[in-house]
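> Pasting a structure here, questions to come.
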Amino acid sequence: MTATTATGPAWTAERMPRLDGATIIVTGANSGIGLEAVRAFARHGAHVVLAVRDEQRGRDAAATIEGSTEVRRLDLADLASVRRFAADWTGDIDILVNNAGVLMPPFGLTTDGFELHFGINHLGHFALTNLLLPRITGRVVTVASGEHRAGTIDFDDLNFTTRRYGWGSAAYGQSKLANLLFTLELQRRLDASGSHVLATAAHPGMAATNLGSSSKKNLILNAVAKIAVRLFAQDATSGAAPTLYAATEPMPGAGYAGPGGRREMTGPPVLVGRSDEAADAATATRLWAASEELTGIGYPL
538 MTATTATGPA WTAERMPRLD GATIIVTGAN SGIGLEAVRA FARHGAHVVL AVRDEQRGRD
598 AAATIEGSTE VRRLDLADLA SVRRFAADWT GDIDILVNNA GVLMPPFGLT TDGFELHFGI
658 NHLGHFALTN LLLPRITGRV VTVASGEHRA GTIDFDDLNF TTRRYGWGSA AYGQSKLANL
718 LFTLELQRRL DASGSHVLAT AAHPGMAATN LGSSSKKNLI LNAVAKIAVR LFAQDATSGA
778 APTLYAATEP MPGAGYAGPG GRREMTGPPV LVGRSDEAAD AATATRLWAA SEELTGIGYP
838 L
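The opening residue of the sequence shown carries number 538 in the numbering used here; numbering runs sequentially from there.
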């Protein structure tokens, strides 16, 4: 599937509605598209919580933002940290943005023994969303990637125990496919339980951020990535636009937003398609069951 044809002027963050009184949580918000999303949300009147692993970096980032912000510690590589974050939360949440992620670091495991991509990009956000869901009143936005098309869910080896890890591209693709399957199954469950909460997803295209810093030990990959970014990437502000679109524009349930130009690498946000596997309801349901078993956290509604 290809991007849908946009009508009217290209969408920008300036078209977002006012968000006065809204509370928004953004994970991984101290840099890149997460930080740019926080800036836009705060500029439009929201109180934005930067959920970050490094609180000092979070405070440094918050100091550059005009508007109402707050910094809270959240380590998505540690389910105990996720549980603490959720247990300490009081009050409603209008929008949860599952933005944090790692991109092709050397092979490693989370505190709970999950492969880093699967544990942080998917299971950490799966756990966080379900623990916070009783307090969420508006939307859950999960940041995926066009690389989901290269991913596959290997239910026999989700944590790359026997599969070749290599540079981590297969693990990254699996985690980003998992993000879209999570959104699909979450929306199905929300509908079935009569909730008005909306689950959406977005991807930034090719954006110039520091996400690839997790692959810093791979010098060849870094060199290739730097050339590609220099030639083709849009800036982090533009990369954040699909997230903002998915958080505030009219969207279908499990709708997916991404850049509308150049193979979805750049351009203003529009609704985009996904791979057949990312739209497979049976795979989404199976992944949800596996994620519940691995985290010990289930759907709360």
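For each residue, glycine too, the CB sits at the ideal point set by N, CA and C.
Owing to the predicted nature of the structure, the values given are computational and were not obtained by experimental measurement.
1) Between A762 and A773, what straight-line distance do the alpha-carbon atoms span, to the nearest angstrom?
2) Specify whether the stretch 799-819 and the stretch 640-651 touch according to this definition: at least 3 beta carbon pairs, one from each stretch, less than 8 Å apart.
3) May I have the straight-line CA-CA distance separating P779 from I561, to the nearest angstrom?
4) Quick check: R672 and D728, are their CB atoms within less than 8 Å of each other?
5) So G710 is in the beta strand (DSSP E); what residue range does that whole segment cover?
6) Where A617 and E551 are concerned, what is the direct C-alpha to C-alpha distance, given to the nearest angstrom?
7) Nearest to R576 by CA position, among L717, D615, G795 and E607, is which residue?
8) Excluding five sequence neighbours on each side, which residues of the same chain lie with their C-beta closer than 6 Å to the C-beta of E830?
9) Between R580 and L572, what straight-line distance do the alpha-carbon atoms span, to the nearest angstrom?
10) Whole angstroms are fine: how far does the CA of N667 sit from the CA of I834?
11) Under DSSP, the beta strand (DSSP E) around A736 begins and ends at which residues?
12) What number of angstroms, rounded off, separates the C-alpha of H585 from the C-alpha of A784?
13) Which first and last residues belong to the beta strand (DSSP E) in which S605 is found?
14) How about A826 and L714: are their beta carbons less than 8 Å apart?
15) Ordered along the chain, which non-local residues of its own chain (more than five positions away) have a Cβ less than 6 Å from that of A600?
16) Using a Cβ-Cβ cutoff of less than 7 Å, which residues in the same chain neighbour D631 once the five nearest sequence positions on both sides are dropped?
17) Would H733 be called buried (16 or more neighbouring beta carbons within 10 Å of its own) or exposed?
18) Report the rounded CA-to-CA distance for G797 versus L723, giving the unit in angstroms.
19) Can you tell which of L556, Y782 and S828 has its C-alpha closest to the C-alpha of V680?
20) Could you tell me which whole beta strand (DSSP E) segments of length 3 or greater appear in the stretch 781-826?
21) In whole angstroms, what separates the C-alpha of G604 from that of A637?
Considering the structure as presented:
1) Locating residue 762 in the sequence shown gives position 225, where the first residue counts as 1. Locating residue 773 in the sequence shown gives position 236, where the first residue counts as 1. Only weak support is given to the placement of A762: the predicted model assigns it a pLDDT of 47, under 50, and the value that follows is read from those uncertain coordinates. Distance between the alpha carbons of A762 and A773 is about 15 Å.
2) At 8 Å Cβ cutoff, the stretches do not touch.
3) For the purposes of this step, residue 779 is taken as the residue at position 242 of the sequence shown. For the purposes of this step, residue 561 is taken as the residue at position 24 of the sequence shown. Going by the C-alpha atoms only, they are around 16 Å apart.
4) The residue labelled residue 672 in the question sits at position 135 within the sequence shown. The residue labelled residue 728 in the question sits at position 191 within the sequence shown. No, these two residues do not count as a Cβ contact at 8 Å.
5) Stepping through the sequence shown from its first residue, residue 710 is reached at position 173. DSSP places G710 in no beta strand (DSSP E) but in the uninterrupted alpha helix (DSSP H) bounded by S706 to A729.
6) Walking along the sequence shown from the start, residue 617 turns up at place 80. Walking along the sequence shown from the start, residue 551 turns up at place 14. Going from the Cα of A617 to the Cα of E551 covers about 38 Å.
7) Residue numbering aside, residue 576 sits at position 39 when the sequence shown is read from its first letter. Put simply, of L717, D615, G795 and E607 the residue whose alpha carbon is nearest the alpha carbon of R576 is E607.
8) To locate residue 830, count along the sequence shown from 1; it is residue 293. Excluding sequence neighbours, E830 sits near nothing in its chain.
9) Counted from its first residue, the sequence shown places residue 580 at position 43. Counted from its first residue, the sequence shown places residue 572 at position 35. Whole-angstrom Cα-Cα distance: 12 Å.
10) Translated into positions along the sequence shown, residue 834 becomes position 297. Translated into positions along the sequence shown, residue 667 becomes position 130. C-alpha separation (whole angstroms): 7 Å.
11) The residue labelled residue 736 in the question sits at position 199 within the sequence shown. L735 to A739 is the span of the beta strand (DSSP E), which, as asked, contains A736.
12) Locating residue 585 in the sequence shown gives position 48, counting from the first residue. Locating residue 784 in the sequence shown gives position 247, counting from the first residue. Correcting the residue identity first, residue 585 is Val in this sequence and not His. So the two alpha carbons sit approximately 13 Å from each other.
13) By one-based count along the sequence shown, residue 605 stands at place 68. Note, S605: beta strand (DSSP E), S605 to R610.
14) As a working note, residue 826 is residue 289 in the sequence shown. As a working note, residue 714 is residue 177 in the sequence shown. Cβ distance not < 8 Å, so A826 and L714 don't count as in contact.
15) As a working note, residue 600 is residue 63 in the sequence shown. Here the set comprises nothing.
16) The sequence position of residue 631 within the sequence shown is 94, counting from 1. Excluding its 5 nearest sequence neighbours in each direction, D631 has C-beta neighbours in its own chain below 7 Å: A559, T560, I561, T674 and G675, listed in chain order.
17) Residue mapping note: residue 733 aligns to position 196 of the sequence shown, counting from 1. That one is exposed.
18) One-based indexing of the sequence shown puts residue 797 at position 260. One-based indexing of the sequence shown puts residue 723 at position 186. Their backbone Cα atoms lie some 25 Å apart in a straight line.
19) In the sequence shown, the residue the question calls residue 680 occupies position 143. Checked all of L556, Y782 and S828; the closest Cα to V680 is Y782.
20) Under the rule that a run must span 3 or more residues, the beta strand (DSSP E) segments found entirely inside the stretch 781-826 read 793-798 and 803-808.
21) Translated into the one-based positions of the sequence shown, residue 604 becomes position 67. Translated into the one-based positions of the sequence shown, residue 637 becomes position 100. One C-alpha to the other measures close to 22 Å.
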